[in-house]
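*Asks:* So that we are looking at the same thing, I have put the structure below in structure tokens.
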Amino acid sequence: MCLAIPGKIIELDKKKQNATVDYGSGTRRKANVSLVQVKIGDYILVHAGFAIQVLDKKEAQETLALFKEMLSLAEEQ
Amino acid sequence: MFSLRDKQLANDIISQITKAKVDLRFMHVCGTHQDTLVKHGLDVLLQKCGIEIGQGPGCPVCVTTPKEIEEILLLAKQGKTIATFGDMTRVPGVTSSLQQMKTEGCDVRTVYSVEDARSLAEKYKQKEIVFMAVGFETTAPTTASVLVQGPPSNFSVLCCHRLIPPALQAILQMGELQIDGFIEPGHVSTIIGTKPYDFISKEYHVPQVIAGFEPLDLLMSIWMLVRQIQQGRAEVENEYVRAVQPQGNRKAQQILHQVFEPVDVKWRGFPMIPRSGLRLRKEFEAYDALKKYEDEIRSLSEEEFAEPTGCLCGDVLRGLISSEQCPLFGRVCTPENPVGPCMVSSEGSCHIQYRYTKR
């Protein structure tokens, strides 16, 4: 039920209510983006046809490095 | 899109958890977490490290009560067009299910989004469209978003939305099982943020970690819970930082509070949980199916509806037994012929267990 799929905004209507979202592998669908503040190129999480949050690209790219750092710090203690 | 796979890292996490030599029981409340745990065999792997993980009431379809199902069945029988998410149509009520009623000529539509239900109301002006709204904090803002736009007057909502933090508190208050930590649902948390969980750690001294849905997210969250326990801490930590901000999604929270107010409701398998449900505020009463069709469904108001005979979904949802401990699991109760909702929903722990281990 709370499944949400990440996708990239490739088109946005003037009112910023609806967007075309690219989910990769050529899958594109419309999503309602009225619950978030977005611009073209943002990565969003889409749940039941609505974007529920904008993904933090920097945090996403650094997640693995962060995990590794946390583990190595714990190992040293 | 954002790859989060690293075998060496997974091994390192497991190795540190193993070294900790623990004997712990964690609960999560999310079907998608259960799917990741069972699909990748993490549940079995973690058992070997002394950690049992169970799914609590984290499946909105499963916790919908028999009475709510009877209400929607009655409205279907009276000729309303029912729109809801796919899994909901298959949940058996006392006498029937929405899917069964569809074969008998009732108008039941499966929708992907509340917007699809609103479109039905715009397209079929002569029909009364009732959207059965299930889902937690993740889904409730989407229903609210359609209601604030003023949908057509032939559109209404049977509101079965529920809230996660009050259910966590109810489980701890019932005290039926040992819970050493909660793995909190990542997508509910994208909306509510981290604060609404604080009181659980403060009042009950239970560590919590908000988790994402990749195998590494869950392993890391479990490692974070173990660290809290080793260090004697009980706090709310956020592993899913790429999607969950401490303050959550303010816009979604605002619209949720504009349309809904908290209400005491029962959950399947639970007694009344204070302020754990949502009902439409007075300004939106015209769209509230419970008010709009009050006379039609009044006959159900005093009735008590029992669980299906032999069904232990209530015990599964309270985390008291695993799916496989239910005598009906995989024998009488299968995804093709489900007895209870936990075997119907793709988010239900019985369905997930069957999907990955019985086929």
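So the sequences go chain by chain: R and L. Mapped onto the numbering used here, the consecutive letters of the first sequence carry residue numbers 6 to 82. Mapped onto the numbering used here, the consecutive letters of the second sequence carry residue numbers 152 to 510. Built from N, CA and C at the ideal position, the CB exists for glycine as well.
Does the separation of the CB atoms of A394 of chain L and Q42 of chain R fall below 7 Å?
*Replies:* In this structure, Q42 of chain R does not lie closer than 7 Å to A394 of chain L by Cβ.
*Asks:* Can you name the residues of chain L whose CB is closer than 7 Å to the CB of I57 of chain R?
*Replies:* Those are T289, H338, T341, I342, N400, A403, listed as they occur along chain L.
*Asks:* In chain order, which beta strand (DSSP E) runs of at least 3 residues are fully inside the region 254-291 of chain L?
*Replies:* Runs found: 259-261, 280-286.
*Asks:* State yes or no: is the beta carbon of A394 of chain L nearer than 7 Å to at least one beta carbon in chain R?
*Replies:* With 7 Å as the cut-off, A394 of chain L counts as an interface residue toward chain R.
*Asks:* Please state the DSSP three-state secondary structure of L479 of chain L.
*Replies:* In this structure, L479 of chain L counts as coil in the three-state DSSP scheme.
*Asks:* Tell me the rounded alpha-carbon separation between G491 of chain L and M75 of chain R.
*Replies:* In a straight line, the C-alpha of G491 of chain L is about 42 Å away from that of M75 of chain R.
*Asks:* Just to make sure I have the definition right: I need the residues of chain R whose C-beta is within less than 7 Å of the C-beta of P292 of chain L. Which are they?
*Replies:* Correct list: L40.
*Asks:* Using the beta-carbon count (16 or more within 10 Å), is L197 of chain L buried or exposed?
*Replies:* Buried, since its Cβ has 16 or more Cβ neighbours within 10 Å.
*Asks:* Are the C-beta of L160 of chain L and some C-beta of chain R separated by less than 7 Å?
*Replies:* So yes, L160 of chain L belongs to the interface.
*Asks:* Tell me which residues share the same chain as L60 of chain R and place their Cβ nearer than 7 Å to its Cβ, disregarding the 5 neighbours each side in the sequence.
*Replies:* P11, Y48, I49, L50.
*Asks:* Check the Cβ-Cβ distances between A53 of chain R and every residue of chain L, and say whether any is below 7 Å.
*Replies:* So, interface residue.
*Asks:* Suppose contacts are defined by Cβ-Cβ distances below 7 Å. Is Y438 of chain L in contact with V308 of chain L by that definition?
*Replies:* Cβ atoms of Y438 of chain L and V308 of chain L: closer than 7 Å.
*Asks:* Using a Cβ-Cβ distance under 7 Å, would E412 of chain L count as near chain R?
*Replies:* False, the Cβ-Cβ gap to chain R never drops below 7 Å.
*Asks:* Figure out for me which residue from L:K278, L:E266, L:S340 has the closest Cα to the Cα of T289 of chain L.
*Replies:* It is L:S340.
*Asks:* State the Cα-Cα distance for the pair M375 of chain L and H179 of chain L, rounded to the nearest angstrom.
*Replies:* Answer to the nearest angstrom: the Cα atoms are 14 Å apart.
*Asks:* What in chain L is Cβ-close to T68 of chain R, meaning under 7 Å?
*Replies:* Ordered by position in chain L, the residues that pass the 7 Å Cβ test against T68 of chain R are L155, R393.
*Asks:* Looking at the strands, I want to know which residues DSSP matches up with R430 of chain L.
*Replies:* R430 of chain L pairs with L:E412.
*Asks:* Starting from the C-beta of V357 of chain L, find all residues in its chain whose C-beta is less than 8 Å away, skip the five residues before and the five after it, and write them out in chain order.
*Replies:* Correct list, in chain order: L323, I330, D331, G332, F333, I351, A385.
*Asks:* Of all Cβ atoms in chain R, is any one closer than 7 Å to the Cβ of T215 of chain L?
*Replies:* Answer no: the Cβ-Cβ gap between T215 of chain L and chain R never drops below 7 Å.
*Asks:* As a quick exercise: from L:F177, L:K158, L:S154, pick the residue whose alpha carbon is nearest that of R469 of chain L.
*Replies:* The residue with the shortest Cα to Cα distance from R469 of chain L is L:F177.
*Asks:* Would a check of beta-carbon distances place Y263 of chain L closer than 7 Å to chain R?
*Replies:* Yes - at least one Cβ of chain R is within 7 Å of the one on Y263 of chain L.
*Asks:* Since E16 of chain R is in the beta strand (DSSP E), which residue starts that stretch and which ends it?
*Replies:* Unbroken beta strand (DSSP E) run through E16 of chain R: 10-17.
*Asks:* Please list the partners that D47 of chain R has in chain L, where partner means a Cβ-to-Cβ separation under 9 Å.
*Replies:* Under the 9 Å cutoff, chain L gives no residues; its nearest Cβ is about 12 Å from D47 of chain R.
*Asks:* Please state the DSSP three-state secondary structure of N162 of chain L.
*Replies:* Note: N162 of chain L maps to helix in three-state DSSP.
*Asks:* List the residues of chain R that I406 of chain L touches, going by C-beta distances under 8 Å, in chain order.
*Replies:* By Cβ distance, chain R contributes L40.
*Asks:* Since Y507 of chain L is in the alpha helix (DSSP H), which residue starts that stretch and which ends it?
*Replies:* Its alpha helix (DSSP H) spans residues 500-508.
*Asks:* Looking at the strands, I want to know which residues DSSP matches up with G205 of chain L.
*Replies:* Paired residues: L:M178.
*Asks:* If we count the other Cβ atoms within 10 Å of its Cβ and call it buried at 16 or more, is V214 of chain L buried or exposed?
*Replies:* When all chains shown are included, V214 of chain L counts as buried.
*Asks:* Let me know if M283 of chain L comes out buried or exposed under the rule of 16 or more other beta-carbons within 10 Å of its beta-carbon.
*Replies:* With 16 or more other Cβ atoms within 10 Å, it is buried.
*Asks:* Between which two residues does the beta strand (DSSP E) containing E110 of chain L stretch?
*Replies:* In the structure displayed, chain L extends from 152 to 510; residue 110 of chain L sits before or after that span and is not available.
*Asks:* In the DSSP assignment, what are the bridge partners of E335 of chain L?
*Replies:* The partner list for E335 of chain L (beta bridge, DSSP) reads L:I361.
*Asks:* Return the CA-CA distance between A70 of chain R and M423 of chain L, expressed in angstroms with no decimal places.
*Replies:* Their backbone Cα atoms lie some 44 Å apart in a straight line.
*Asks:* Between L155 of chain L and the rest of its own chain, which residues show a CB-CB distance below 6 Å, the 5 nearest in sequence each way excluded?
*Replies:* Excluding sequence neighbours, L155 of chain L sits near E365, L367.
*Asks:* Can you pull the chain R neighbours of M371 of chain L, defined as C-beta to C-beta under 7 Å?
*Replies:* Result: F72.
*Asks:* Using a Cβ distance threshold of 8 Å, determine whether the region 238-256 of chain L contacts the region 264-277 of chain L, with at least three qualifying pairs required.
*Replies:* The region 238-256 of chain L is not in contact with the region 264-277 of chain L.
*Asks:* Under the DSSP definition of a beta bridge, which residues are partnered with F306 of chain L?
*Replies:* Answer by DSSP bridge pairing, in chain order: L:I280.
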